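Q: In the working numbering, the protein residues as written are 173 to 560.
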Amino acid sequence: MTETFVIAQGGGPTAVINQTLAGAAIEIRKRHKDARVLGALHGVRGIRDGNFVDLSALSEQELRRIAATPSAALGSTRDKPDAAYCEVILTGLHKAGATAFIYIGGNDTAGTQQILAEAAGKDIAFVHAPKTIDNDLVENDHTPGFISAAELVAGAFLSVDLDFRALPGIYVGIVMGRHAGFLTTAAAAWQLDEESGPHLLYVPERAFSPERFIDDVRETTSRHGRCIVAMSEGVTAEDGRSVVENLVLPDRLERDAHGNVRLSGGDLGMTIDELIRTGLPGARARVDTFGYLPRGNIATINETDAREAFEAGAFAVEAAARGGGSVALQYANGKTSPQLIPLANVAGKTKHLPDDFMLSDTNQISSQGRAYLERLLPRKFDPAKPFV
173 MTETFVIAQG
183 GGPTAVINQT
193 LAGAAIEIRK
203 RHKDARVLGA
213 LHGVRGIRDG
223 NFVDLSALSE
233 QELRRIAATP
243 SAALGSTRDK
253 PDAAYCEVIL
263 TGLHKAGATA
273 FIYIGGNDTA
283 GTQQILAEAA
293 GKDIAFVHAP
303 KTIDNDLVEN
313 DHTPGFISAA
323 ELVAGAFLSV
333 DLDFRALPGI
343 YVGIVMGRHA
353 GFLTTAAAAW
363 QLDEESGPHL
373 LYVPERAFSP
383 ERFIDDVRET
393 TSRHGRCIVA
403 MSEGVTAEDG
413 RSVVENLVLP
423 DRLERDAHGN
433 VRLSGGDLGM
443 TIDELIRTGL
453 PGARARVDTF
463 GYLPRGNIAT
473 INETDAREAF
483 EAGAFAVEAA
493 ARGGGSVALQ
503 YANGKTSPQL
513 IPLANVAGKT
523 KHLPDDFMLS
533 DTNQISSQGR
543 AYLERLLPRK
553 FDPAKPFV
């Protein structure tokens, strides 16, 4: 019987998600010379609608060119299928003659694969391949897409700090991350010294108080002459709700198909800007929302990130041969390698920033958090001579 692999991409694009796509497609050719490889357009919607492209028709050179391109080449979706939707997807997979389905995405993608696997039995191997700049997949040391996005954030905040040394003031950069603060802490990865920004980090794992925020900014500005702040878009108030929900008028809130408040727009930035203007009148302040910029920036595609994403795709084919599961990047003995874990271990779960990655008494990164980032984001310059 001819093997038929279906591959799809879900959730937010990254700079290296196409490496995983190409890694899987090329590995399938090596293992199964006559196999068909179908790419579902716009995630599971493509399977539902029978909308596929034949990846088998592309040369390896063409696949590698796609691999080096940011964003999801097949198109993506935010659909979060329930049991009924999954039945439709299963019908589409059977019509396509699928023997394996590799879905590249985050924890919601793993959840879809788990539902499908439980409903389908042994006829199709369901594999989840990891992807997310949020770095929030459990049992993964880090996730494909994170390093490239983190590199942009680290460089941006180093550059902003130098800018505000020249013209002192207050700067707040809003960084993506709904539930986990890994990408926001990456802002501190390339600090030059203890005086360097970002001076304050605000992450979803710690309750945010507007009053304490103003006090922190006032004290930091007094000490350093400037204050550089990195803030997660998903920062939460002390009542557990997002700051956006608490401080933005209800009629201005936007929600996605899952009921999640839209965080990637400018509402939080405008709210923080108003807090500063009210709490610190007359201060020179700027609030920027990074938005989608870090997640698929062609100028900061990290070589390690790209290689690991490709390897995760290749390993997904091995995972299919073993009956399916979730691919996880795990770190041991100084090396990162893909491992196979049960879908249930990842599906619908969120890895949060460890408590010890932040100092207990201030909104600053700890030595443990810094060590983790330095392992993934080695400096591209000598801190003692950064501009030579």
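From the three backbone atoms N, C-alpha and C, an ideal C-beta is built for every residue, glycine too.
In this text the structure is predicted, and so the values were computed from the model without any measurement.
1. Reducing DSSP to helix, strand and coil, say where Gly438 ends up.
2. For Ile470, which residues in the same chain have their Cβ closer than 6 Å to its Cβ, ignoring the five residues on either side in sequence?
3. Tell me which same chain residues have a C-beta within less than 8 Å of the C-beta of Ile448, skipping the five on either side of it?
4. Skipping 5 residues on each side, what residues in its chain have a beta carbon closer than 8 Å to that of Arg217?
5. Mind the definition here: the region 523-534 touches the region 488-507 only if three or more C-beta pairs lie below 8 Å; say whether that holds.
6. Take Cys258 and list the residues in its own chain whose beta-carbon comes closer than 8 Å to its own, dropping the five residues that flank it on each side.
7. Take His371 as the anchor and find which of Gly211, Ala379 and Trp362 has the nearest alpha-carbon.
8. Buried or exposed: Leu339, going by 16 or more other Cβ atoms within 10 Å of its Cβ?
9. Going by beta-carbon coordinates alone, are Thr356 and Ala379 separated by less than 8 Å?
10. Quick one, which of Thr263, His214, Glu232 and Ala270 has its alpha-carbon nearest Ala245's?
11. Suppose contacts are defined by Cβ-Cβ distances below 8 Å. Is Glu405 in contact with Arg467 by that definition?
12. On the three-state DSSP scale, how would you describe Phe336?
13. Once the 5 residues before and after Phe329 are set aside, which same chain residues still bring their CB inside 7 Å of it?
14. Which stretch, first to last residue, makes up the beta strand (DSSP E) that contains Ala212?
15. Out of Glu490, Asp333, Thr281 and Gly247, which one is the CA nearest neighbour of Gly397?
16. Does DSSP put Gln511 in a helix, a strand or coil?
17. Can you look up Ile346 in the DSSP assignment and give me helix, strand or coil?
18. Quick one: residues in its chain with C-beta nearer than 8 Å to the C-beta of Gly441, no 5 flanking neighbours on either side, listed in chain order?
19. Using CA atoms only, rank isn't needed, just tell me which of Val310, Gly353 and Leu515 is closest to Ala297.
20. Could you check what DSSP says for Pro550 in three-state terms: helix, strand or coil?
21. Just to confirm my understanding: we take Gly269, look at its own chain, exclude 5 residues before and 5 after, and list those with CB closer than 6 Å. What are they?
22. Can you tell me where the beta strand (DSSP E) holding Phe462 begins and where it ends?
23. Assuming the contact rule is C-beta atoms closer than 8 Å, Ser498 and Val518 should be a hit. Round their C-beta distance to whole Å, please.
A: The structure says:
1. Correct three-state label for Gly438: coil.
2. Excluding sequence positions up to five before and after Ile470, its CB lies within less than 6 Å of the CB of Pro242, all in the same chain and listed in chain order.
3. Correct list, in chain order: Ile342, Val344, Ile386, Val389, Ala455, Ala457 and Val459.
4. Exclusion of the five residues before and after Arg217 leaves Asn223, Thr249 and Asp251 as the residues of its chain whose Cβ lies within less than 8 Å of its Cβ.
5. Touching, no, given that fewer than three Cβ pairs across the two stretches are closer than 8 Å.
6. Answer for Cys258: Thr284, Ile287, Leu288 and Ala291, listed in chain order.
7. Checking every option, the nearest Cα to that of His371 belongs to Trp362.
8. Looking at its Cβ environment, which holds fewer than 16 other Cβ atoms inside 10 Å, Leu339 is exposed.
9. Not closer than 8 Å, so no.
10. Minimum Cα distance to Ala245 is reached at His214.
11. No, the Cβ-Cβ distance between Glu405 and Arg467 is not below 8 Å.
12. When DSSP states are grouped into helix, strand and coil, Phe336 belongs to the helix group.
13. Within the same chain, Cβ atoms closer than 7 Å to the Cβ of Phe329 are found at Gly345, Ala359, Gly369, Pro370, Ile400 and Ala402, the five residues on either side in sequence being excluded.
14. Per DSSP, Ala212 belongs to the beta strand (DSSP E) from Arg208 to Ala212.
15. Closest option to Gly397, Cα to Cα, is Asp333.
16. Gln511: strand per DSSP, three-state reduction.
17. The answer is strand: DSSP assigns Ile346 an E or B state.
18. Once the five neighbours on either side are set aside, the close Cβ partners of Gly441 are Val344, Ile346, Val459, Asp460 and Thr461.
19. Distance check between Ala297 and each of Val310, Gly353 and Leu515 places Leu515 closest, using alpha-carbon atoms only.
20. Coil.
21. Cβ-Cβ distances below 6 Å link Gly269 to Thr176 in the same chain, with the five nearest sequence neighbours on each side left out; the list follows chain order.
22. First-last for Phe462: undefined, no H or E at that position.
23. Taking 8 Å as the upper bound for CB-CB distance, Ser498 and Val518 are in contact here, some 5 Å apart.
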